[in-house]
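Encoded as structure tokens, the structure appears first; notes follow it.
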Amino acid sequence: MKKNVGTVDRCVRIIAGLALLGVAYNGKTWGLIGIVPLLTGIIGWCPPYQLLGINKEGKL
Numbered sequence: 000m001k002k003n004v005g006t007v008d009r010c011v012r013i014i015a016g017l018a019l020l021g022v023a024y025n026g027k028t029w030g031l032i033g034i035v036p037l038l039t040g041i042i043g044w045c046p047p048y049q050l051l052g053i054n055k056e057g058k059l
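Next comes the structure, spelled out in structure tokens:
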């Protein structure tokens, strides 16, 4: 897999994922959705970006 998520995007995804998981830790199960941005930020690859042809510079 070629990385298709840029550095800033990765940082934002990781921070948002951790924030949502913090919400889940406080009893709101919808916060578990934070797993998705956290994992895509860690691995640097986003399936929808690949389907849409977006690269890590944000260009089509």
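With the first letter of the sequence shown counted as 1, position 34 gets the number 33 in numbering that gives the first Met the number 0; the numbers rise by one all the way through.
For glycine and all other residues, C-beta sits at the position ideal for the given N, C-alpha and C.
The model shown is predicted, which means the values in this text are computed figures rather than measured ones.
Looking at the structure shown, is residue i part of a helix, part of a strand, or coil, going by DSSP?
i, result
"G21", "helix"
"V35", "helix"
"C10", "helix"
Return the CA-CA distance between residue i and residue j, expressed in angstroms with no decimal places.
i, j, result
"I32", "G26", "13 Å"
"I34", "C45", "13 Å"
Just confirm the distance between the C-beta atoms of residue i and residue j, as a whole number of angstroms; I'd bet it's less than 8 Å.
i, j, result
"L37", "I13", "6 Å"
"K58", "K2", "Incorrect: roughly 15 Å between the Cβ atoms, too far for contact."
"G30", "V22", "3 Å"
Using a 10 Å radius around the Cβ and a threshold of 16 neighbouring Cβ atoms, would you call residue i buried or exposed?
i, result
"V4", "buried"
"T6", "exposed"
"T39", "buried"
"L19", "buried"
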